[in-house]
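What follows is a set of notes on a single structure, which appears directly below.
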Amino acid sequence: MTDPRTATNQAPALVGHNVVTSDLALTEAVARHGSPEVVDDLVALGAEAGSAEAREHGMLANRHHPELTPYDRWGTRIDEVEFHPSWHWLMQRAVGHGLQAAPWEQQEGGDPHAHLRRAAGFFAWSQTEPGHGCPISMTYAAVPALRADDAIAEEWTPLLAARSYDPGVRPRSEKVGALAGMGMTEKQGGSDVRANQTRAVPTAEDGWYTLHGHKWFTSAPMNDVFLVLAQADGGLTCFVVPRVLADGTRNRIDVVRLKDKLGNRSNASGELELDGTLAQRLGDEGRGVRTIIEMVAATRLDCVIGSASLMRHALAEASWHVGHRSAFGGLLVDKPLMQNVVADLAVESEAATALAMRLAAAVDRPGDPHEVALRRIALPLAKFWVCKRTPAMVAEALECLGGNGYVEDSGLPLLFRESPLNSIWEGSGNVNALDVLRALGREPEVLQAWITEVGAARGGDSRLDRAVDDTLALLGEAGATGGGPEAGARRLAGHMAACLQGSLLVRFAPPEVADAFCGSRFGGSYGGTFGMLTSGSLRQVVERATPG
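This note's numbering applies: residue -7 is where the sequence shown begins, and numbers increase by one.
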């Protein structure tokens, strides 16, 4: 007789697998846009990311939230954020793998695939725990913005690019590594940063100002340096705000509180008061948005990569579970309807991964006009579409585990809480859809880049061909190329993004994956939820996506 205290028919924990080598969609994309050697370089990272130790640290970092200590025991204002040791374990390895600003220096040193390598690593390592990706992403994104001033970039880039994690509030001269944050949003404006009210007052020292205002959301308030927008005499301007001044004095950065967020619980997001905070101007007065836009572009790329990573993690958990759990006389993976659902999740995940890696590869080619134009239009498209698709996809993956998926120990609730974040951070869906219209209206080369990219798959699948033609007709009807009516911006962005994904799958994915995607996303029978595929090769799609 079976001991009722012994669990049976339960899927084992998904640990001890290699997050990189078990993901064919990822490895094929990296080899395609980079080289097999880049994949080989990521194997050690993938093994550590899939370890039981990494899984445990990820859970602990979310169970023990960061805590703000505004004053020390003697009453001195210190505004320090304390983290659980598991947070530092994750951060140390992320920085050690060069997932922050290291690619900017590597590219100059001759690595032609530095950003693709970093993107794939960020994608894989984020599956340990997504929250600590925020300071890593902010640091990555800060460097291109800092290049608006060569002297400032020269001061900060070596520390930001260093593979040494060095937490603590100390001056730059005493650190072997640094992290960057960003403060744009204010409570009265949100995404409308031109409504910012924080004032910048020039000091007697050239290029230095004092800032006076309130920042509603500041990503990673424990970091060493921040890029901040404020109103100077010449208009909205970008500033570099060090946490500690060169003489060792703590800058006047008062952390009012940490945000109590839906997800992203391991990471600290702060609300700051700036009152006499010293800041160095970055770029010209009145050019703040233009100066910081490169940072926004880089963080938007990480939103796409992060959401694709969440999809992959959720898919891996779902496919692993159904491959081990029996019900109604057999394994769940053998049940046609469950097979259909998991295959559909796999198709969604592979499409997101393919687009994310394609965009990362474009960053490695700054001298190619097509790549530059494609990046300009495809980033807001992917940010809108991939991030918007993630919550529904993760919810469906959670449901594959049934009640087990609704329990914290499974890890799926963490992923579900995290899933809406990237659609909101760095511009919500509407902001990115409108950015698509803006790019189409002001930069005609971006439409040509989109046409060229999707046209590379012309003739490969008639359903994709029709979808591209319908999208071009939609562009004409909406007058989008002239910056026309915005009410249809989401519909247009969704069509354009799905066509980009379809073109990549038709060109590069196995036929059963491309067929399932085109038949559902561009077919007339797609019902808007997962598990409605009509392809006859669904088992192959599931097997391709299952770790192990």
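Glycine included, each C-beta is placed from N, C-alpha and C at the ideal position.
State yes or no: is the C-beta of M488 within less than 9 Å of the C-beta of A111?
-> The residue you call residue 488 lines up with position 496 of the sequence shown. The residue you call residue 111 lines up with position 119 of the sequence shown. Not closer than 9 Å, so no.
Would you kindly report the start and end of the unbroken beta strand (DSSP E) that includes V232?
-> Here the question's residue 232 lines up with position 240 in the sequence shown. From DSSP, the beta strand (DSSP E) with V232 extends over G227 to P234.
With DSSP run on the structure shown, which of helix, strand or coil describes H487?
-> On the sequence shown, position 495 is the one that residue 487 refers to. Reduced to three states, the DSSP call for H487 is helix.
Could you check what DSSP says for E263 in three-state terms: helix, strand or coil?
-> Sequence index remark: in the sequence shown, residue 263 carries index 271 (1-based). In the structure shown, E263 sits in a strand (DSSP, three-state: E or B).
Would a C-beta distance cut-off of 9 Å place P372 and R292 closer than the cut-off?
-> Looking up residue 372 in the sequence shown gives position 380. Looking up residue 292 in the sequence shown gives position 300. Yes. Within cutoff.
If you run the structure through DSSP and keep just helix, strand and coil, what is D141?
-> For this step, residue 141 is matched to residue 149 along the sequence shown. It is coil, neither helix nor strand.
Straight-line Cα distance separating H206 from K179 | In the sequence shown, counting from the first residue as 1, residue 179 sits at position 187. In the sequence shown, counting from the first residue as 1, residue 206 sits at position 214. Cα-Cα distance, rounded: 8 Å.
Where N422 and E435 are concerned, what is the direct C-alpha to C-alpha distance, given to the nearest angstrom?
-> Within the sequence shown, numbered from 1, the residue matching residue 422 stands at position 430. Within the sequence shown, numbered from 1, the residue matching residue 435 stands at position 443. Cα to Cα, N422 sits roughly 20 Å from E435.
Which residues bound the beta strand (DSSP E) around L219?
-> Here the question's residue 219 lines up with position 227 in the sequence shown. Residues V217 to A224.
Given that a residue counts as buried once 16 or more other Cβ atoms are within 10 Å of its Cβ, and exposed if not, what is I70?
-> Taking the sequence shown and counting its residues from 1, the one referred to as residue 70 is at position 78. Classification of I70: exposed, given that the 10 Å Cβ count is below 16.
Residue environment, S527, which counts as buried when at least 16 other CB atoms sit within 10 Å = Translated into the one-based positions of the sequence shown, residue 527 becomes position 535. Flag for S527 reads buried.
Tell me where the beta strand (DSSP E) around E286 begins and ends.
-> Against the sequence shown, residue 286 aligns to sequence position 294. Run containing E286: none in the beta strand (DSSP E); it sits in the alpha helix (DSSP H), G280 to V314.
DSSP state of Q180, grouped into three classes?
-> Position 188 of the sequence shown, counting from 1, holds the residue named residue 180. In the structure shown, Q180 sits in coil (DSSP, three-state: anything other than H, G, I, E or B).
Taking all protein chains shown into account, do 16 or more other C-beta atoms lie within 10 angstroms of the C-beta of A472, making it buried, or fewer, making it exposed?
-> As a working mapping, residue 472 is identified with position 480 in the sequence shown. Here the model assigns A472 a pLDDT of 48, short of 50, so the residue's position is not dependable, and the following value carries that caveat. Buried is the call here.
Segments assigned alpha helix (DSSP H), at least 4 residues, entirely inside the region 16 to 84 | 16 to 25, 28 to 33, 35 to 41 and 44 to 55
Using DSSP with H/G/I as helix, E/B as strand and the rest coil, what is F320?
-> Translated into the one-based positions of the sequence shown, residue 320 becomes position 328. Correct three-state label for F320: coil.
So, are the CB atoms of L138 and L274 less than 9 Å apart?
-> The sequence position of residue 138 within the sequence shown is 146, counting from 1. The sequence position of residue 274 within the sequence shown is 282, counting from 1. In this structure, L274 lies closer than 9 Å to L138 by Cβ.
What's the C-alpha gap between A300 and A17?
-> Position 308 of the sequence shown, counting from 1, holds the residue named residue 300. Position 25 of the sequence shown, counting from 1, holds the residue named residue 17. In a straight line, the C-alpha of A300 is about 11 Å away from that of A17.
Using CA coordinates, which residue listed in R186, V247 and S258 is at the minimum distance from Q223?
-> Here the question's residue 223 lines up with position 231 in the sequence shown. Out of R186, V247 and S258, R186 has the C-alpha closest to the C-alpha of Q223.
Burial state of S495, where buried means 16 or more other Cβ atoms lie within 10 Å = Position 503 of the sequence shown holds residue 495. Per the 10 Å Cβ criterion, buried.
From the DSSP output, which residues share a beta bridge with G205?
-> Here the question's residue 205 lines up with position 213 in the sequence shown. The partner list for G205 (beta bridge, DSSP) reads L266.
CB-CB under 8 Å to R367, same chain, minus the five flanking residues each way: which ones, in chain order?
-> As a working mapping, residue 367 is identified with position 375 in the sequence shown. Excluding positions up to five away in sequence, the list reads A289, L351, A354 and V355.
Would you identify the three-state DSSP class for T210, choosing helix, strand or coil?
-> Translated into positions along the sequence shown, residue 210 becomes position 218. Here T210 sits in strand by DSSP.
Note down, in chain order, each residue of its chain lying with its Cβ closer than 7 Å to the Cβ of C295, except the 5 sequence neighbours on either side.
-> Counting from one through the sequence shown, the residue named residue 295 turns up at place 303. Around C295: K375, C379, N414, W417 and E418.
Tell me, please, whether the region 39 to 59 touches the region 125 to 142 by the rule of three or more beta-carbon pairs shorter than 8 Å.
-> no
Would you identify the three-state DSSP class for V248, choosing helix, strand or coil?
-> Counted from its first residue, the sequence shown places residue 248 at position 256. Strand.
In chain order, what residues of the same chain lie with their CB nearer than 6 Å to the CB of L323, ignoring the 5 residues before and after it?
-> By 1-based counting over the sequence shown, the position of residue 323 is 331. Hits under 6 Å: none found.
Classification of A389 by the beta-carbon crowding that lies within 10 angstroms, buried from 16 upward = By one-based count along the sequence shown, residue 389 stands at place 397. Per the 10 Å Cβ criterion, buried.
Within 9 Å, strictly: CB atoms of V233 and P62 = Counting from 1 along the sequence shown, the entry for residue 233 is found at position 241. Counting from 1 along the sequence shown, the entry for residue 62 is found at position 70. No, the Cβ-Cβ distance between V233 and P62 is not below 9 Å.
By a C-beta neighbour count over all protein chains shown, 10 Å radius and 16 as the cutoff for buried, is T(-6) buried or exposed?
-> Taking the first residue of the sequence shown as position 1, residue -6 is located at position 2. Exposed: under 16 other Cβ atoms inside 10 Å.
Chain-order list of residues whose beta-carbon lies under 7 Å from that of P104 (same chain, five-residue window excluded) = Position 112 of the sequence shown holds residue 104. Cβ neighbours of P104 beyond the five flanking positions: D356.
Going by C-alpha distance, which of T229, T195, E197 and R162 is nearest G240?
-> Within the sequence shown, residue 240 is the residue found at index 248, counting from 1. The option with the nearest alpha carbon to G240 is R162.
Span separating the alpha-carbon of T(-2) from that of A338 | Here residue -2 refers to the residue found at position 6 of the sequence shown. Here residue 338 refers to the residue found at position 346 of the sequence shown. In a straight line, the C-alpha of T(-2) is about 32 Å away from that of A338.
Could you have a look at G275 and say whether DSSP puts it in helix, strand or coil?
-> Indexing the sequence shown from 1 puts residue 275 at position 283. Correct three-state label for G275: coil.
Pick from E97, G42, G67 and W96: whose alpha carbon is nearest that of L82?
-> Counted from its first residue, the sequence shown places residue 82 at position 90. Selected option, being the one with the closest Cα: G42.
Enclosing alpha helix (DSSP H) for A503 [first to last residue] | Counted from its first residue, the sequence shown places residue 503 at position 511. First, the residue type needs correcting, since residue 503 is Pro and not Ala in the sequence shown. Per DSSP, P503 belongs to the alpha helix (DSSP H) from P503 to R513.
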